[in-house]
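Worksheet: the structure to be examined is printed underneath.
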Amino acid sequence: MDNIDLEGSRREVLQKFIQVFESPFTVDDKDFNVSMSMGISRYPLHGQSIETLNQHADTAMYEAKLAGKNTFRIYCEAMSLNVISRMEMEIDLKAAVQFQQFELYYQPQLCLKTHKVVGFEALIRWNHPTKGLVAPDDFIPLSEELRFIIPMGLWVLKQACADLKILQETMGYDGYIAVNVSGIQLEDSDFISQVQKVIESAEVSPKKIELEVTESVIISDPKGSIARLNILRGMEFNIALDDFGTGYSSLSDLKKLPVNKLKIDKSFVDDLPDGEDDQAISTAIISLAKAMKMSTIAEGIETEAQMTYLAQNGCRYGQGYWFSKPKPLAEIMDWLSSRI
Ligand code: C2E
Ligand code: CA
Ligand code: CA
């Protein structure tokens, strides 16, 4: 965590600070939960002037926030490098839109019984001018933090609609395209009206678009997200709950969700067919979905044995390298035409 060994007594003082903020503060009979993050820089090791020490303490506080709040971090040089690379990335991200460096890859989703393609998940890639192809895990978290995910997500939806039209018109494709929607987008007050505009100008039926929303979104704001998802469902979009099983959403919230599909996370498919934990979790999700009249799709299927296990245990749909890796549109069209 830090390059300085704080003496035990100082560490104890810091822990006491944190403990004070762990219980809620009561004002006018109302409880307020306050989280705290501390950043520490030390004179003379981290700077000679108040400005530099303040700046470094601020950088360290930022790292404490990133570490999940209610903690402290002591400044070290690597943190400044981190700040610089984040700033560079922020500048690059803005240029990426202007220079059209984003691209959508598509991964097929199939019926596990018939092996018919039912949909494609759109997965964003960044063709960076010097770093090459950058995976979403390396730029989505920062894009969310900067709220840049809002225009980026809208671009994804527009592009997915345009690509869907190409698939429909050139290949007679009658399936859907699934688009990932970040919690930051869903919380944005303009999201629904912007989605409506995109879908209208693209002349695509919302029935052919599936919105993948992660389970964590529902946990962080159950009321708000249920209300917004209800509107989207009313507009006839299909909704899938992504990364299902990785959070702890309450059954009562789940019951109220206008969701068509639960997506079993790859982490519960990895040890199938023999791992007992993954057997228990995947079959429990399938039964839960059935009880709530939702269907299930498993992601990250890499072997025939995983696919067979899931199909035999009632999982309706699947996606993974066993069928195809995500590919650019032109390659996915070749893949699709070789199956027809
Ligand atoms: P996700 O939505 O859970 O997507 C599934 C990820 O698993 C994808 O990684 C996919 O390429 C990968 N995957 C699929 N099948 C297999 C398999 O058989 N084996 C292995 N090892 N991996 C498999 P990818 O494309 O790197 O995307 C990572 C995450 O980035 C996605 O996770 C999603 O949360 C996010 N993401 C991607 N595109 C978008 C987007 O347009 N908008 C938003 N908000 N998030 C996106
Ligand atoms: Ca997804
Ligand atoms: Ca996942």
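Residue numbers for the sequence shown follow this note's numbering, beginning at 3 and rising by one. C-beta atoms are modelled at their ideal positions from N, C-alpha and C, and glycine is treated no differently. Please read these numbers as outputs of a predicted model, since none were measured by experiment.
- Just so you know, the alpha carbons of residue 277 and residue 208 end up roughly 38 angstroms apart.
- Per the coordinates, the alpha-carbon of residue 202 lies some 27 angstroms from the alpha-carbon of residue 220.
- If you measure from each CB to the nearest heavy atom of ligand 2, the residues under 5 angstroms come out as 182, 214, 244.
- Using a Cβ distance threshold of 7 angstroms, residue 214 and residue 162 do not count as a contacting pair.
- When DSSP states are grouped into helix, strand and coil, residue 113 belongs to the strand group.
- At a cut-off of 6 angstroms, the beta-carbon of residue 158 counts as near ligand 1: some heavy atom of the ligand is closer than that.
- Contact between the region 123–137 and the region 167–174 is absent, with fewer than three C-beta pairs closer than 8 angstroms.
- The shortest C-alpha to C-alpha distance from residue 296 to any of 242, 339, 336 is the one to 242.
- Beta-bridge partners of residue 324 (DSSP): none assigned.
- As for any alpha helix (DSSP H) of minimum length 4 sitting wholly inside the region 201–237, the runs are 217–222, 224–236, ordered along the chain.
- For the set 147, 141, 197, 184, the Cα lying nearest the Cα of residue 160 is the one of 197.
- Boundaries of the alpha helix (DSSP H) harbouring residue 80: 79–100, taken from the DSSP string.
- A direct Cα-to-Cα measurement between residue 108 and residue 123 gives close to 5 angstroms.
- Setting aside the 5 residues that flank it on each side, residue 212 is surrounded in the same chain by 178, 180, 240, 242, each with a C-beta closer than 6 angstroms to its C-beta; the list follows chain order.
- Residue 178: member of the beta strand (DSSP E) spanning 178–183, first to last residue.
- Here the distance from the Cβ of residue 184 to the nearest heavy atom of ligand 1 is below 6 angstroms.
- Ranking 310, 114, 165, 53 by CA distance to the CA of residue 105 puts 165 first.
- Residue 46 sits in coil when the DSSP states are folded into three classes, being neither helix nor strand.
- Cβ-Cβ distances below 7 angstroms link residue 62 to 41, 42, 43, 75, 76, 77, 81 in the same chain, with the five nearest sequence neighbours on each side left out; the list follows chain order.
- Across the structure, residue 273 and residue 280 are spaced so that their CA atoms are roughly 6 angstroms apart.
- Secondary structure remark: continuous beta strand (DSSP E) runs of at least 3 residues inside the region 129–167, in chain order: 134–136.
- Nearest C-alpha to residue 285 among 302, 312, 267, 260: 312.
- Here residue 121 has 111, 177, 178, 179, 180, 212 as same chain residues with Cβ atoms under 7 angstroms from its own Cβ, once five neighbours each way along the sequence are excluded.
- For residue 294 against residue 331, the beta-carbon gap comes to about 34 angstroms, at or over 8 angstroms, which does not count as contact.
- The beta carbon of residue 72 sits closer than 8 angstroms to those of 20, 23, 24, 37, 38, 39, all from its chain and outside the five residues before and after it, given in chain order.
- Just so you know, the alpha carbons of residue 151 and residue 13 end up roughly 38 angstroms apart.
- Contact between the region 44–63 and the region 79–93 is present: three or more C-beta pairs spanning the two stretches fall below 8 angstroms.
- If you check the C-beta of residue 64 against ligand 1, you find no heavy atom less than 6 angstroms away.
- Counting only runs of 4+ residues, the alpha helix (DSSP H) found wholly inside the region 10–74 occupies 10–24, 52–68, in chain order.
- Secondary structure of residue 119 (DSSP, three-state): strand.
- Not one heavy atom of ligand 3 falls within 6 angstroms of the beta-carbon of residue 255.
- Residue 105 is bridged by DSSP to 127.
- Distances between the C-beta of residue 260 and the heavy atoms of ligand 1 are all 6 angstroms or more.
- If only complete runs of 3 or more residues are kept, the region 230–305 shows the beta strand (DSSP E) at 240–246, 263–266, 297–300, in order along the chain.
- Relative to ligand 1, the beta carbon of residue 137 is positioned inside 6 angstroms of a heavy atom.
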